[in-house]
Each structure stands twice: as C-alpha cells, then as structure tokens.
Amino acid sequence: MSIYEEFGVEPIINAVGWATRLGGYVMDDAVVSAMAQAARHSVDMTELQAAASKVISELTGAEAGLVTSGAAAGLLLATAACVTGADPSKMARLPETEGMRNTVIVPRSHRNLYDHAVRTAGVRLVEVGVPDRFSGAGSRDCEPWEIEAAITKDTAAILYVATPWARPSLDQVVEVGRRHGVPVIIDAAAQLPPASNLKAFIAAGADLVAYSGGKAIGGPQSSGILCGRRDLIEAAALQMLDLDVVDELWLPPKQYIDRSGLRGVPPHGIGRPCKVGKEEIIGLLVALRQFVKRDEKGAVEAWSGLTRELHAQVEGIAGCTARMATSKWGADVLDLIFPGDDAGKRAAAVARELQTGKPAIVADLSKLYEGVIRINPYCLRPEQVRIIAGRLRQITK
Ligand SMILES: *Cc1c(COP(=O)(O)O)cnc(C)c1O
Numbered sequence: 067m068s069i070y071e072e073f074g075v076e077p078i079i080n081a082v083g084w085a086t087r088l089g090g091y092v093m094d095d096a097v098v099s100a101m102a103q104a105a106r107h108s109v110d111m112t113e114l115q116a117a118a119s120k121v122i123s124e125l126t127g128a129e130a131g132l133v134t135s136g137a138a139a140g141l142l143l144a145t146a147a148c149v150t151g152a153d154p155s156k157m158a159r160l161p162e163t164e165g166m167r168n169t170v171i172v173p174r175s176h177r178n179l180y181d182h183a184v185r186t187a188g189v190r191l192v193e194v195g196v197p198d199r200f201s202g203a204g205s206r207d208c209e210p211w212e213i214e215a216a217i218t219k220d221t222a223a224i225l226y227v228a229t230p231w232a233r234p235s236l237d238q239v240v241e242v243g244r245r246h247g248v249p250v251i252i253d254a255a256a257q258l259p260p261a262s263n264l265k266a267f268i269a270a271g272a273d274l275v276a277y278s279g280g281k282a283i284g285g286p287q288s289s290g291i292l293c294g295r296r297d298l299i300e301a302a303a304l305q306m307l308d309l310d311v312v313d314e315l316w317l318p319p320k321q322y323i324d325r326s327g328l329r330g331v332p333p334h335g336i337g338r339p340c341k342v343g344k345e346e347i348i349g350l351l352v353a354l355r356q357f358v359k360r361d362e363k364g365a366v367e368a369w370s371g372l373t374r375e376l377h378a379q380v381e382g383i384a385g386c387t388a389r390m391a392t393s394k395w396g397a398d399v400l401d402l403i404f405p406g407d408d409a410g411k412r413a414a415a416v417a418r419e420l421q422t423g424k425p426a427i428v429a430d431l432s433k434l435y436e437g438v439i440r441i442n443p444y445c446l447r448p449e450q451v452r453i454i455a456g457r458l459r460q461i462t463k
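So for the sequence shown, this note's numbering puts the first residue at 67; every next one is plus one.
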C-alpha cells in the first residue's frame, strides 16, 4: 500500500510526463534520501543558497544562481530584481511600482498562463508583434525592431519564453536588450533535456534564466533554478530569503550578498511567500548533479523502448490507429488516432474512461481536439505498459 492510500488517494498511471498537476516527475532514490538527510539538521539558509549558487554557476555558466520554489517563482523573483535592483526601499514597496521601471516587454506570441508570475511583481506587460503565423492568416510574428520600439524609460525587462519555435531569435532579442541596457529574462522552465540547454541561454547572453526543478531535472516538485547576473541574483535572493535578522549580526556570505552595496537590511520581500526549504535545495542540487551526468541517449532509448512495447501490445486495436511519433525531447511516444468527423469526441470518451477507471490512467490530451490521445513514456514504469494496453483493448473493443 502506498502512503497516498493511507490518506485515501490512489496513485495514477501517469502517461503525461512531468506535469505539475500530476505531481511532476518521479524522484530518484538518491534525491529522496538526500532530502531526508537534509531534514535532520538546521542550517543558515543564506549560506545554503550561496553554496547552491556555486553549483548552479558551475553547471550553467552563469555568474550566480538561486534555488527557487519553481520556475514560476523564478520569474516573479527575476522580474522583482529587474524592477528594484539592490534598493531595499524599492523592494519594500513591491508590488507597488509607481515611479519605478515597471513594464516588461513580451512578444505577443510568448504570452502564456505562467506569465501571471511576472505580473505579480507589480509590472504591466507590454505586448508586441502579431503572431500571424499561428492564426493561419500569415507568416509573421514579432520582429526585433518592434521590441526596440517599445522600450521606454519605464522598461524593466524583456520576457522571452524559450521554445525551439520562438521568434525573434534569442540572439536578436539579446542584442536589442544590450543596446538599451534592458535585461532579458528567459522562461526556460521546460527546455530540459537536452542538458546542454542549462548553458545555452546564458551563453547566448540572457541576463536571467528560470528552470523548473520538478520537471526533467527530477528534483522536488516545488523547486526550480534562477541563474544569471550576479547583481540581479543578489536582488532576487534578497526578496525571497527570510530577513528577520538583527542588523549588526546579519553576516551573509560576501560573494553572494554584498552588504556594502545595500543601504540597509531589506524587509521580507515580494518573494517571501515563495520560500524554498532546505530539503528542496539539497534535493534540487543532488538531482541537478545527476541530471548533467545522465546518459541522455540511454534515457531517450529507454523511453522509446517503453513506447515500442506499448505499440506492439496495442497492435490492431479497434476504433483507432496506434502510431509512433517523435516527441520534442527525441523519445518515441504513442499516438492513438481516432477517425471520422467526431474524432475529438471519440478520443475524449476513451480518455475519460482511462481517467475514471482503476487505476486512473492519465494521458496527454494536448491534441485531443484533433482526435489524438498521446501516451508519453517519461513517468511510466515498465509494468504499467501492460496495464495501459489491457485497458485500451477493453475500452475500445
Ligand atoms: C512548467 C512551466 C512553468 C512553471 O514551472 P514551475 O516549476 O512549475 O513553477 C513556467 N513556464 C513554462 C513555459 C512551463 O512549461
């Protein structure tokens, strides 16, 4: 019996992957054990973040880093840092930003539901470009000059959501940002693997980059990484750390937080509700070290192997066609393609039966309206392949 059943909750078969609503990725034993060890001691949290910063710097090439409670928390802290810099009086005023640099430019095609985290800092998003290539009406999106034209004295940052199809190119956006002294914040939450993307955005000149710790890195679900410029990471850390300290006895590690540049100890900041525990910090660091050492090809091959096995087991299934496809992470995934004018409805009916059966099987429904149920292998255990195949046969027969 799992610990969840003790509380009346039944674990699901996760054919989606590292989705937050399903609890993210599953953690490795080494990560779980590191977290349990971390739980047994008290530490100075600023010192721990300074140590984490060293590991993050080493693995990302950034000047400094911070373990956050997720990529979304990283976006809030990144934005706050760009608005306030190292000024504690500005930090104290957030999310009130009158008289400060309080707008963030974003290509309209990069808008997404996580950018609420950016707005939470008290800024207004200024959208530029028309994502015509997604409307079926044309081929244009956003041009670098449109970002440049939107820059004013109130611009705190440019937000860029990294995807392989993002436009303009990051190089072009960084070039505009540099020319005007405006930092570029990257949402790279789900851009891992490949592990090379831990370095790619910093190398391309981004000022701050946010990653999820609970997705492919395999860290705790409530963890993430913010890395980038030393001064901005310092400003971000100051707005998250608990600073209930006595002034004369506040002795943060100098290479991480330079007191001499601060007019006083900042009060609890806008990021204080996004606190991250010592267990999450250690868990994230251990997971991150494993992630960069992981045999990436081997992992992709193992996932593809599960998909091939499932494909073989649902061969000739009634009501739909099973076809392998390649996911954006390079692994094979299985699409169940439903035919006819009401394909979306049929797919939804099958997905519903999968999800409401016992155990619940939750599939990737991002193409449901095209009549496709996708089975992703990332969080599947080998023995679950047979269960999924059996249920599919039963439902569609
Ligand atoms: C998952 C995701 C986030 C949120 O990440 P958390 O670590 O869950 O906070 C933000 N942006 C994008 C593009 C994502 O895919």
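Built from N, CA and C at the ideal position, the CB exists for glycine as well. Note that the structure is a prediction, hence the values are computed from the model and not measured.
According to DSSP, is residue i helix, strand or coil?
i    : result
T145 : helix
D207 : coil
E193 : strand
D401 : strand
T169 : strand
D324 : coil
V184 : helix
R389 : strand
T218 : coil
A223 : strand
A429 : strand
D313 : helix
D308 : coil
A455 : helix
I213 : helix
I283 : coil
P319 : coil
T163 : coil
A85  : coil
Y91  : coil
R177 : coil
Residue i: beta carbon under 6 Å from a heavy atom of ligand 1?
i    : result
T86  : yes
S393 : no
Y180 : yes
A57  : Here the chain covers residues 67 to 463 and nothing more, so residue 57 does not appear.
D94  : no
G290 : yes
S278 : yes
D430 : no
A256 : yes
D253 : yes
List the endpoints of the continuous beta strand (DSSP E) containing residue i.
i    : result
G349 : It is not in any beta strand (DSSP E) - G349 instead sits in the alpha helix (DSSP H) that spans 344-359.
G294 : 290-294
S370 : Per DSSP, S370 belongs to no beta strand (DSSP E); it is in the alpha helix (DSSP H), 362-379.
I441 : 438-441
Y277 : 274-278
R447 : Per DSSP, R447 belongs to no beta strand (DSSP E) and is neither H nor E.
A81  : 79-81
Work out the CA separation of residue j and residue i for me, nearest whole Å.
i    : j    : result
K411 : R440 : 15 Å
G437 : R295 : 45 Å
G247 : A303 : 22 Å
V196 : R233 : 11 Å
S278 : L350 : 10 Å
P425 : G343 : 32 Å
A105 : M111 : 13 Å
A158 : D308 : 13 Å
L141 : A147 : 10 Å
L372 : A85  : 19 Å
G396 : D207 : 26 Å
K394 : A144 : 27 Å
R329 : M306 : 18 Å
N442 : K281 : 14 Å
N168 : L354 : 33 Å
V97  : A415 : 38 Å
G127 : G89  : 29 Å
A102 : A117 : 19 Å
For residue i, is the beta carbon positioned less than 6 Å from some heavy atom of ligand 3?
i    : result
G165 : Among the ligands in the structure shown, ligand 3 does not appear; only ligand 1 can be found there.
Alpha helix (DSSP H) containing residue i: first to last residue?
i    : result
R263 : Looking at the sequence itself, residue 263 is Asn, so the reference to Arg does not match. Unbroken alpha helix (DSSP H) run through N263: 263-269.
R412 : 409-422
I69  : 69-72
V331 : Taken as a continuous stretch (DSSP letters only), V331 belongs to no alpha helix (DSSP H), as it is neither H nor E.
D198 : 198-201
Measure from the C-beta of residue i to each C-beta in chain D and report whether the shortest distance is under 7 Å.
i    : result
D310 : The structure shown contains no chain D, having only a single protein chain.
Practice task
Write down every uninterrupted run of the beta strand (DSSP E) in the segment 95-158 whose length is 3 residues or greater and which is fully enclosed by it, in chain order.
Solution key: 130-134
Problem - Ranges of the beta strand (DSSP E) found wholly within the segment 225-259, counting only runs of at least 3 - result: 250-253
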